[in-house]
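Below is one structure, written out as structure tokens; comments come after it.
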Ligand code: B12
Ligand code: SF4
Ligand code: SF4
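Here it is, written out as structure tokens:
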């Protein structure tokens, strides 16, 4: 098949036309050289030796769901966004193949049961996004994009086409320990110092996930006849059914760290008032954040900020990107109001 030459700008334009909210490009060589956890490399070369570039596609979660009273609204939209993300990326991969460049979409939500209790993807799509220059890692290890903060999902198209890569941002987008709003809001207190206790997080983020479902089944097999009948009416049985039917409930259940993060123009426009107060904030969590701040200041032990991980947090540290953004946002708002007043 004849190959059509394509530049990074051409590919990005195609992705935006297909409906991507953000798009960036990472080099496969760089991803192979910098695996998030070198003990078990999440690298393109472990999937295919032919990948030259990864095109990272980002879709936002509609901000409206972070203004509702039910976390179910977020869960439901999460699933819709993920389906659309795969469709857009698949269409892009197909277009590239039609131009002679073999390409496919990564298995974004699949995990390997033999790795870290099934909490490990074949690639970490957050790290793909960071290497593609789309944002940096937050205190809660969500990728924070300057445009939409953490309220995004992302995936990667692995292609044999060599493209000019974007390279990671060196400015830290996360405000850091002095903000700690994600930590204050976390219902299971899972957030560490640029790290996460995944087991604790999963209690809220996967209410009827793998752990709960298999635990329920174990109890079911051990129960007597009457117990089994009763268990069929159990909330966990219903959750399992709902999860199989709609996926909602099996993952993406907890909106809190995403809802309260003050990064992104969507936050300034629609969330700053409704999410200002954090009811889950406790004295214990405030003390935890203060401790993290002291550790950073004194250069203490923080694995999430070590020489390897700092690459994804932003080596230059926080330099006020959120304050700059808010200033620009307010300026634009003022200009709009003034021009409306003249009409
Ligand atoms: C499994 C999984 C989970 C698990 C584990 C999460 C995790 N942090 O790994 C659970 C169920 C807890 C979870 C929860 C959520 N998830 Co999730 N999840 C995934 C999935 C499928 C795989 C994640 C993965 O591979 N992690 C592996 C790695 C990088 O994590 P790790 O092992 O902890 O890595 C650390 C260590 O390696 C350490 N490290 C690095 N080098 C070294 C070296 C040494 C020696 C040591 C010791 C350590 C070390 O630093 C790394 C960074 O902290 C991804 C999709 C994907 N394929 O990436 C989505 C994904 C991460 N999830 C996502 C989302 C949205 C969520 C939730 C918000 C869902 C919700 N609403 O409830 C929460 C957020 C929790 C949080 N604050 O992180 C999005 C993130 C979007 C974003 N803006 O960042 C993703 C990217 C899905 C997507 N396609 O967009 N998730
Ligand atoms: S998803 Fe919920 S439980 Fe998990 S880290 Fe974020 S706030 Fe905490
Ligand atoms: S809430 Fe604050 S500390 Fe947490 S990720 Fe967002 S900016 Fe960083």
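Residue numbers (our numbering): 78 to 420. Ideal Cβ placement from N, Cα and C applies to all residues, glycine included.
Spatial distance of residue i from residue j (CA atoms)
i           : j           : result
residue 260 : residue 363 : 9 Å
residue 309 : residue 157 : 29 Å
residue 129 : residue 374 : 40 Å
residue 164 : residue 324 : 17 Å
residue 241 : residue 102 : 7 Å
residue 313 : residue 306 : 13 Å
residue 150 : residue 253 : 28 Å
residue 329 : residue 282 : 5 Å
residue 264 : residue 357 : 7 Å
residue 316 : residue 285 : 6 Å
residue 190 : residue 279 : 15 Å
residue 221 : residue 275 : 19 Å
residue 198 : residue 365 : 29 Å
residue 371 : residue 272 : 16 Å
residue 382 : residue 369 : 11 Å
residue 171 : residue 202 : 20 Å
residue 345 : residue 413 : 16 Å
residue 415 : residue 403 : 18 Å
residue 302 : residue 322 : 26 Å
residue 400 : residue 340 : 9 Å
residue 352 : residue 336 : 7 Å
residue 127 : residue 266 : 42 Å
residue 291 : residue 185 : 23 Å
residue 395 : residue 258 : 16 Å
Whole-Å CB distance - residue i paired with residue j, under 8 Å assumed
i           : j           : result
residue 208 : residue 245 : 6 Å
residue 135 : residue 206 : 7 Å
residue 216 : residue 268 : 6 Å
residue 326 : residue 152 : 7 Å
residue 393 : residue 248 : 5 Å
residue 347 : residue 144 : 6 Å
residue 169 : residue 238 : No, residue 169 and residue 238 are not in contact; Cβ-Cβ is about 11 Å, not under 8 Å.
Minimum C-alpha distance to residue i - residue among the options
i           : options               : result
residue 179 : 234, 400, 337 and 348 : 234
residue 97  : 231, 145 and 183      : 231
residue 119 : 126, 109 and 339      : 109
residue 318 : 293, 340 and 400      : 293
residue 250 : 338, 352, 115 and 147 : 338
residue 398 : 132, 213, 84 and 80   : 213
residue 334 : 145, 227 and 152      : 227
residue 204 : 91, 418 and 218       : 218
residue 390 : 192, 211, 107 and 125 : 211
residue 90  : 406, 173, 144 and 148 : 173
residue 229 : 270, 342, 379 and 194 : 342
residue 388 : 266, 107, 298 and 175 : 107
residue 141 : 131, 133 and 155      : 155
residue 146 : 396, 331 and 167      : 331
residue 224 : 405, 417 and 418      : 405
residue 288 : 194, 132 and 122      : 194
residue 166 : 345, 196 and 132      : 132
residue 124 : 400, 301 and 200      : 200
residue 196 : 81, 407, 277 and 351  : 277
residue 177 : 236, 122 and 87       : 236
residue 92  : 162, 395 and 81       : 162
residue 256 : 81, 355, 182 and 86   : 355
Where residue i sits in the DSSP three-state scheme
i           : result
residue 230 : strand
residue 95  : helix
residue 325 : strand
residue 124 : coil
residue 138 : coil
residue 86  : helix
residue 418 : helix
residue 101 : strand
residue 290 : helix
residue 148 : coil
Cβ-heavy atom distance, residue i to ligand 4, below 6 Å
i           : result
residue 299 : As for ligand 4, it is missing from this structure, which binds only ligand 1, ligand 2 and ligand 3.
Residue-chain proximity (residue i, chain C), Cβ-Cβ < 7 Å
i           : result
residue 223 : Checking the listed chains, one finds no chain C in this structure; it contains a single protein chain.
Give, in chain order, every unbroken run of the alpha helix (DSSP H) that is at least 4 residues long and sits entirely within the stretch 177-234. Runs found: 202-208.
Which residue spans inside the stretch 292-364 form an unbroken alpha helix (DSSP H) run of at least 4? Complete alpha helix (DSSP H) runs here, min 4: 302-308, 312-323 and 333-337.
Which runs of the alpha helix (DSSP H) at least 4 residues long sit entirely within the stretch 227-287? Give them in chain order. 258-262 and 275-282, all fully within the stretch 227-287.
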